[in-house]
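What follows is one structure encoded as structure tokens, with my remarks underneath.
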Amino acid sequence: MVEDLEELAQTVAVGLRREGMAVDVALDGAAALERTSANHYDVVVLDRDLPGLHGDDVCRALAGAGHPARVLMLTAAGTIDDRVTGLGIGADDYLPKPFAFAELIARIRALARRAVPALPTVLVHGDLRLDPATRIATRDGRRLPLSPKEFAVLELLLIAGGSVVSAEQLLERCWDEFADPFTQTVKVTVSRLRRKLGDPPLIETVPQAGYRI
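Numbering (the UniProt record's numbering) for the sequence shown: 1 to 213.
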């Protein structure tokens, strides 16, 4: 979330976290490029009128570098010409302020599904089904009562398609900048997730490497 009005940025970030998203906040363009160069993001929600480095320049830099993140411009500049310009410099979507929060969530999730490589609409492994759009996961037809973090971990493991996902990767992708890398958060969350998934077990621990389904 790149927004120079800190109160707005933090308010939106809190709302997105409640929807199960991991969110980092940058308050200017330079900080946004620093974060995107060091971290993997599915979507960058980018204000256009930023101090120092303009949002248009941030968008151009991300597009020019071939950054895989999708860019959603969220800005008060909402005329047709503004939208055409924003999309022309590399933005994937454009939402003018003021905006409905439900629409912002829907647009972010739609952009995330267009990640590289593109993700299937529903993730399936045997009798396990996970629908990112509706936030519903079921096993053998039984709906799983997952917390936002448990859902995020399960989604990332399914996206990996049998490859090992390290605890560090889970922490980076499913939590946010406030996560303590020295806690047992990932281990505890995976343990709770295993119990809710039931038998036969689906999540395998790979010693000194991570987890996989």
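Backbone N, C-alpha and C fix where the C-beta goes; we use that ideal spot for every residue, glycine too.
Spatial distance of residue i from residue j (CA atoms)
| i | j | result |
| --- | --- | --- |
| G52 | A61 | 14 Å |
| A9 | V25 | 7 Å |
| H54 | V14 | 25 Å |
| E155 | E3 | 28 Å |
| G29 | F101 | 23 Å |
| P201 | R194 | 7 Å |
| L158 | G88 | 34 Å |
| N39 | E168 | 12 Å |
| W175 | V153 | 9 Å |
| Y211 | R83 | 42 Å |
| A133 | E6 | 29 Å |
| residue 243 | V23 | Because the chain is modelled from 1 through 213, residue 243 falls outside the range shown and cannot be assessed. |
| R48 | R129 | 38 Å |
| I80 | F99 | 16 Å |
| T183 | P207 | 18 Å |
| T205 | S191 | 10 Å |
| G141 | D131 | 13 Å |
| T114 | R135 | The identity of residue 114 in the sequence shown is Arg, whereas the question assumes Thr. Their backbone Cα atoms lie some 17 Å apart in a straight line. |
| K97 | A137 | 33 Å |
With 16 other Cβ atoms within 10 Å as the buried cut-off, status of residue i
| i | result |
| --- | --- |
| V124 | exposed |
| V122 | exposed |
| R18 | exposed |
| L76 | Here residue 76 turns out to be Ala, not Leu, going by the sequence shown. Label assigned to A76: exposed. |
| E150 | buried |
| R143 | exposed |
| I108 | buried |
| A65 | exposed |
Cβ neighbours of residue i in the same chain (closer than 7 Å, five flanking residues each side left out)
| i | result |
| --- | --- |
| Y41 | A69 |
| V71 | V44, L46, C59, L62, G90, A91 and D92 |
| R139 | D127, L128, L197 and G198 |
| R35 | D24 and A26 |
| H67 | T36 |
Element boundaries [beta strand (DSSP E), containing residue i]
| i | result |
| --- | --- |
| R18 | Careful: R18 lies outside any beta strand (DSSP E), inside the alpha helix (DSSP H) at E6 to R18. |
| A137 | I136 to R139 |
| G210 | G210 to R212 |
| D131 | L128 to D131 |
| E204 | E204 to V206 |
Proximal residues to residue i (C-beta, below 6 Å), its chain only, five neighbours per side dropped
| i | result |
| --- | --- |
| P145 | none |
Chain B within 7 Å of residue i, Cβ atoms only
| i | result |
| --- | --- |
| A160 | You won't find chain B in this structure, because it holds only one protein chain. |
Neighbourhood of residue i by C-beta, 8 Å cutoff - its chain only, sequence neighbours within 5 removed
| i | result |
| --- | --- |
| G162 | R212 and I213 |
| A209 | V164 and S166 |
| T85 | D56 |
| A160 | R212 and I213 |
Short Cβ contact (7 Å threshold) for residue i with residue j
| i | j | result |
| --- | --- | --- |
| L74 | L95 | yes |
| D171 | V188 | Looking at the sequence shown, residue 171 is not Asp but Leu. No; because the gap between Cβ atoms is not below 7 Å, this pair is not in contact. |
| M21 | V12 | no |
Start-to-end residues for the alpha helix (DSSP H) that takes in residue i
| i | result |
| --- | --- |
| T185 | T185 to L197 |
| D56 | G55 to G64 |
| P51 | Element bounds for P51: n/a, residue is neither H nor E. |
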